[in-house]
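Below is one structure, written out as structure tokens; the observations come after it.
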Amino acid sequence: MPSELNYKKLPKNFYTDKDVLQIAKNLLGKYFVKKDGKKFLSGKIVEVEAYDGSIDEAAHSFNGKTKRNEIMFDEGGYLYVYFIYGMYFCANIVTGLKNQGTAVLIRGIEPIEEIKAMYDNRFGNEEFDKKKVAAISNGPGKICSAFDINKNHNGENLLGDEIFLAEGDKINSKNIIATKRIGIKKSADLLWRFYIKDNPFVSKK
DNA sequence: CCACGGATTGGCT
DNA sequence: GCCAATCCGTGGA
């Protein structure tokens, strides 16, 4: 079990030196960490989707820069948080070079540290029900609820100490499944969703 | 088990 | 005014 002292933060070039599809796959197995006072909420990334505004109509960046999506046009290493369906937030990792408009949506996380704190963020301070653990963070809106991520975290620098990514498990490429992305109508046939085979915190098969 | 629809706000046509 | 990179409860098989 890792302690916060052991987190080895990913360097800037992790976010900038490869194309968004490669970075999406590389993100699987990495730790997502959010500082919460003296504690660190953390989990392992198990499901992601790539978005590329240069060729992908589903990307928020496809129609150019706006106030909402401007962080997607910055260089890699920032958090892009958007509000959806009047109720939920979703968190993305911005990748690539300035003005590229590429990012990776985090869709599934396996809780690692402070699981009860994340459970309470999701369900309130109710009695712990083991059967609900799988529902803590197996979806993009659920992740933001569990980690208490909202519009205030849009633009967060992932090289800082509030929210960052860290080295984690090495995932064998034969255990990475590629499928169509969830819940989009445009550019729907691209196989740009990647997840770790058989992990219970993947949102859908 | 699966399919369907309601919730509820802000961004952009 | 339309509808979205979602989630959850309901109702039927």
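Residue numbering for the first sequence follows my numbering, starting at 1470 and increasing by one per position. Note that the Cβ used here is the ideal one computed from N, Cα and C, for glycine as well.
Whether residue i touches residue j by CB criterion (7 angstroms)
{"i": "G1629", "j": "I1540", "result": "no"}
{"i": "T1564", "j": "G1593", "result": "no"}
{"i": "L1497", "j": "I1640", "result": "yes"}
{"i": "I1651", "j": "V1515", "result": "no"}
{"i": "I1645", "j": "K1513", "result": "no"}
{"i": "A1519", "j": "L1490", "result": "yes"}
Three-state secondary structure (DSSP) of residue i
{"i": "G1577", "result": "strand"}
{"i": "L1548", "result": "strand"}
{"i": "R1537", "result": "coil"}
{"i": "V1489", "result": "helix"}
{"i": "Y1554", "result": "coil"}
{"i": "A1603", "result": "helix"}
{"i": "K1504", "result": "strand"}
{"i": "D1589", "result": "helix"}
{"i": "Y1520", "result": "strand"}
{"i": "Y1664", "result": "strand"}
{"i": "S1719", "result": "Nothing can be reported for residue 1719, as the shown portion of the chain is limited to 1470 through 1674."}
{"i": "N1641", "result": "coil"}
{"i": "K1673", "result": "coil"}
8 angstroms CB neighbourhood of residue i in its chain, flanking five on each side removed
{"i": "A1647", "result": "L1660, W1661, R1662, F1663"}
Residues of its chain near residue i, where Cβ-Cβ distance is below 6 angstroms and the 5 sequence neighbours each way are ignored
{"i": "Y1484", "result": "G1545, G1546, T1564"}
{"i": "Y1557", "result": "G1610"}
{"i": "K1655", "result": "E1526, A1527"}
Whole-angstrom C-beta distance between residue j and residue i, which should lie under 8 angstroms
{"i": "A1560", "j": "C1613", "result": "6 angstroms"}
{"i": "G1577", "j": "F1670", "result": "5 angstroms"}
{"i": "K1499", "j": "A1604", "result": "Wrong, their Cβ atoms sit about 22 angstroms apart, outside the cutoff."}
{"i": "I1581", "j": "S1672", "result": "So it is not a contact: roughly 18 angstroms between Cβ atoms."}
Contacting residues, own chain, Cβ-Cβ under 7 angstroms from residue i (five flanking each side not counted)
{"i": "H1622", "result": "L1548, V1550, I1632"}
{"i": "F1501", "result": "S1511, G1512, I1514, I1575, I1578, L1634"}
Taking 8 angstroms as the cut-off, does the region 1522–1532 touch the region 1583–1602 (at least 3 CB pairs, one atom from each stretch)? Taking 8 angstroms as the limit for Cβ pairs, the verdict is that the region 1522–1532 does not touch the region 1583–1602.
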